[in-house]
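36 is the number of the first residue of the sequence shown in the working numbering; add one for each residue after it.
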Amino acid sequence: MTGIVFHATERRDAVVEFYRERLNATVRLEQPDCTILEFDGFLFGFCERDAADDCGILTFVYPDRDGVDAASERLGDAVVTEPRENETYDIYQCFAEDPEGRTVECQVFLDEGVDIE
């Protein structure tokens, strides 16, 4: 079973390019005004609209700290919080913003007992 999270966008091409180039997402489906992307089973889409949705957080989960660090490097100037440990949730994470200001989080669960697959 799967699902898709959709976001309204005013800049579909720039937003799709951001996720493809900086986070290695792949295009799963192109529709007349929507693009559906995939990252390791996470499906998310952007649909051209008159106003952009910029609420919520798109969280990308990596298998280890090195994956988070590499994602942070690819995100480059979009990073707003460098990779760090978050003891409250027992994760290692960084935050960035996409071209429309959506919050992007890259994280790994540090507790080896956590299995979200």
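Backbone N, C-alpha and C fix where the C-beta goes; we use that ideal spot for every residue, glycine too.
The straight-line gap separating the alpha-carbon atoms of Q128 and V143 is approximately 7 Å.
In summary, D133 is buried, with 16 or more beta-carbon neighbours lying within 10 Å of its beta-carbon over all protein chains present. In the DSSP assignment, Y127 falls within the unbroken beta strand (DSSP E) covering 126-132. Taking 8 Å as the cut-off, the Cβ atoms of F81 and C90 do not count as close. Looking at the DSSP output, F95 shares a beta bridge with C141. With fewer than 16 neighbouring CB atoms inside 10 Å of its own CB, I151 falls in the exposed class. Between the segment 86-106 and the segment 43-62 there are three or more C-beta pairs closer than 8 Å, enough to call the two in contact. Your pair T116 and F130 checks out as a contact, with CB atoms roughly 4 Å apart and the cut at 8 Å.
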